[in-house]
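Encoded as structure tokens, the structure appears first; notes follow it.
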Amino acid sequence: MTAPGPAAPMVTGDGGGPAEADQLRRLAVATLDGNWEHDHTVPSRTLYPHQWSWDSAFIAIGLAHVRPDRAWQELRTLFAAQWADGRVPHIVFNPRLRVGAYFPGPQFWGSERADGAPAAATSGIVQPPVHALAAWLVHRRAPSTASRAALTELYPALVAQQSYLTERRDVARGGLACVVHPWESGLDNSPAWDEPMAAVPADAAVMRAYTRHDTAHADAAHRPTDLDYARYLAMVESYRRHDYRDDGLADRHPFLVECPLFNAARGAAEHALADIAGVIGADPVPHRDRARRITEALVDRLFDPVTGTFQPRDVRADRLVSARTALGLTPLILPDLPPRQVAAVVTEAGSARFGLARRMDRPLPSHDRTAGDFEPLRYWRGPSWMNLNWLLWRGLRTHGRPDLAAGLRRSMIGLVAGAGCHEYFHPDTGAGLGSAAFGWTAALLLDALASGDAGRGGAAEA
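As structure tokens, this is what we get:
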């Protein structure tokens with residue numbers, strides 16, 4: 334196994350100078366090269382030694398700047414493990430690794446027992462569908478005959494992914510897809526899930542029968558609790574018991590939530606698929622129609638006019654959750670988000686809860702830093718994450734706020750300049766937390782560095 338990536342460079346700025354920017358690029362490339370595993374990139378060599386779904390999408394966006402062939406290989410490898418129903422599993426397990434290299438591993442998931450599962454061992458759940466957007470951005474970085482062929486090859490699989498979410502996961506029949514597990518949201522232990530998870534029966538004592546892999550590589554005080562994990566396993570077991578089928582979810586599954594980020598990613602994917610369709614000779618109109626309906630459903634079902642932000646909806650309780658997290662900012666990536674909601678999200682992002690500004694004095698947190706349950710060290714309950722920053726940065730550029738986008742870009746680059754390509758960062762000090770050589774941090778840094786003109790207030794590239 335390759336050793337973890339290099340240490341952080343001795344720099345203190347925001348990547349604005351050519352020498353510093355070049356040093357940061359070298360760090361990012363070395364991190365991605367160190368995490369390359371013959372046909373895909375692992376998020377990290379320690380905590381996450383397999384292939385993760387939305388990690389690979391973000392990683393492909395960065396690889397497009399330096400290793401475009403690997404960017405396409407990253408996506409091809411992931412979609413080679415797509416299920417027959419169209420779902421793209423959140424983990425594709427590397428059979429070369431020893432049993433127990435990660436928990437919960439392939440034996441726990443038992444995907445081979447499910448109809449339509451691929452030959453490769455995978456998990457049975459999904460993650461936010463950011464892959465069509467990634468494919469489009471990889472092509473846009475360097476359009477060529479080869480990239481158009483890659484888009485043509487991936488297009489049916491990307492459409493099938495969207496069809497699965499639309500047809501199998503719209504439990505409430507309101508136009509939005511449900512996540513059946515917090516892991517599907519990507520923000521595993523966000524305070525956004527506390528209310529719906531409280532209804533999942535579990536006992537932390539069950540974890541005595543298992544060995545957690547994550548706490549062997551990271552401080553337990555920074556990770557989800559044993560009670561969280563007991564509930565995670567209970568939700569997997571509920572889904573696995575029915576061979577990961579989605580029929581009847583409303584009658585039997587304990588966790589059903591409509592997530593703003595997950596559905597904003599669905600909408601952004603349809604916009605990307607419309608662009609892809611225009612390049613490969615397919616019809617873009619159905620994609621634009623579906624994108625419009627997703628945006629309308631997001632506004633109708635998840636926008637809270639009282640708080641002025643988007644909130645997840647607990648489908649079982651039929652109510653919006655009360656936690657105000659960075660999930661509520663992510664619909665800004667939708668180019669057709671109405672002006673009222675754009676203004677509200679920008680206001681929320683600039684509030685004391687998140688601190689977005691032209692010149693940011695602290696990183697953007699993943700949770701409301703004024704809340705009583707804000708935890709600056711614990712995973713998704715406060716720390717700053719590069720992918721959430723990137724999504725908001727992209728949304729700000731899309732909606733004509735290059736001034737705020739520039740402030741966020743400087744903050745993103747400054748995090749890595751000060752601490753290296755860490756998995757996540759302290760939301761007050763910027764100290765690196767989690768894995769020290771994390772794939773999507775390196776990849777999205779490359780994208781931010783390559784967009785310097787737009788980041789400094791030039792023309793935004795939607």
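Sequential numbering from 334 applies to the sequence shown in this note's numbering. Idealized CB from N, CA, C, for every residue including glycine. Being a predicted model, the structure only gives us computed values, none of them experimental.
Counting C-beta atoms within 10 angstroms of its own C-beta, Ala465 has 16 or more neighbours from the protein chains shown and is therefore classed as buried.
Taking Arg692 as the centre and dropping the five residues before and after it, the same chain places the C-beta of Gly740 closer than 7 Å to its C-beta, in chain order. The straight-line gap separating the alpha-carbon atoms of Trp369 and Val375 is approximately 6 Å. Around the Cβ of Ser477, a 10 Å sphere holds fewer than 16 other Cβ atoms; the residue is exposed. Using a Cβ-Cβ distance cut-off of 8 Å, the stretch 651-658 and the stretch 603-618 are not in contact, since fewer than three pairs of beta carbons, one from each stretch, lie closer than that value. Counting only runs of at least 4 residues, the stretch 626-683 fully encloses the following alpha helix (DSSP H) elements, listed from N- to C-terminal order: 672-682. For Gly519, no alpha helix (DSSP H) segment is defined, and its DSSP state is neither H nor E. Below 8 Å, enough C-beta pairs join the stretch 383-402 and the stretch 767-782 to call them touching: three or more. Here Leu729 is not bridged, per DSSP, to any residue.
Straight through space, the alpha carbons of Ile609 and Asp448 are spaced by roughly 30 Å.
Cα atoms of Thr379 and Val425: separation of roughly 16 Å, rounded to the nearest angstrom.
By the Cβ criterion, the stretch 557-572 is in contact with the stretch 441-460, since at least three pairs of Cβ atoms, one from each stretch, lie closer than 8 Å. Among the bridge pairs identified by DSSP, His700 is matched with Thr658. With respect to the 8 Å criterion, Gly688 and Ser699 are not classified as neighbours on the basis of their beta carbons. DSSP places Asn596 in the uninterrupted alpha helix (DSSP H) bounded by Pro593 to Ile613. The straight-line gap separating the alpha-carbon atoms of Ser377 and Thr485 is approximately 30 Å. DSSP places Leu766 within a strand segment (E or B) once states are collapsed to three. Collapsing the DSSP output to three states places Trp773 in a helix. Taking one beta carbon from each stretch, the stretch 519-532 and the stretch 619-634 have fewer than 3 pairs nearer than 8 Å; the two do not touch. Nearest to Gly519 by C-alpha distance, out of Gly433, Arg502, Phe391 and Pro672, is Phe391. Between Ala363 and Trp416, the C-beta spacing is not below 8 Å.
Gly508 is a Cβ neighbour of Ile627, given a cutoff of 8 Å. When the Cα atoms are used, Ser496 and Asp536 turn out to be separated by approximately 36 Å. In this structure, Asp694 keeps its C-beta atom at 8 Å or more from the C-beta atom of Pro524. Beta-bridge partners of Val425 (DSSP): Gln384 and Thr455. Gly419 and Ala493 have their C-alpha atoms roughly 5 Å apart. Within the DSSP secondary-structure output, Cys511 pairs in a beta bridge with Glu591.
Nearest C-alpha to Leu766 among Pro709, Ala413 and Gly747: Pro709. Sorting Leu725, Arg702 and Arg743 by C-alpha distance to the C-alpha of His759 places Arg702 at the top.
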